[in-house]
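Student: Pasting in a structure now, in structure tokens, and then I'll have a few things to ask.
Residue numbers (this note's numbering): 44 to 110.
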């Protein structure tokens with residue numbers, strides 16, 4: 044699977060009880076062993092989950108939106 048040309052990371056998440064906190068990081072760097080080794084990985088910052096499914100989008104400007 045190739046993510047070439049991708050402009051955002053879109054995902055759904057929920058917590059078992061709500062109130063759990065997660066941080067999502069992602070990067071595509073062919074010359075690094077791990078994505079978070081790059082200087083500027085996509086980073087959601089800390090997200091507080093609810094017990095209901097929520098949609099999240101991390102775009103190329105590293106802003107997160109919930110919907």
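Think of the CB as a built atom: it goes at the ideal place given N, C-alpha and C, for glycine as much as any other residue.
Provide the residue(s) that pair with residue 91 in DSSP beta bridges, ordered along the chain.
Tutor: Position 48 of the chain shown holds residue 91. Paired residue(s): 64.
Student: What number of angstroms, rounded off, separates the C-alpha of residue 53 from the C-alpha of residue 59?
Tutor: Looking up residue 53 in the chain shown gives position 10. Looking up residue 59 in the chain shown gives position 16. Answer to the nearest angstrom: the Cα atoms are 20 Å apart.
Student: What's the gap between the Cα of residue 91 and the Cα of residue 57?
Tutor: On the chain shown, position 48 is the one that residue 91 refers to. On the chain shown, position 14 is the one that residue 57 refers to. Taking the straight line from one Cα to the other gives about 9 Å.
Student: In the DSSP assignment, the beta strand (DSSP E) including residue 57 goes from what residue to what residue?
Tutor: The sequence position of residue 57 within the chain shown is 14, counting from 1. Residue 57 -> no beta strand (DSSP E), and no H or E assigned at all.
Student: Consult DSSP for residue 70 and reduce its assignment to one of helix, strand or coil.
Tutor: The residue you call residue 70 lines up with position 27 of the chain shown. The answer is coil: DSSP assigns residue 70 none of H, G, I, E or B.
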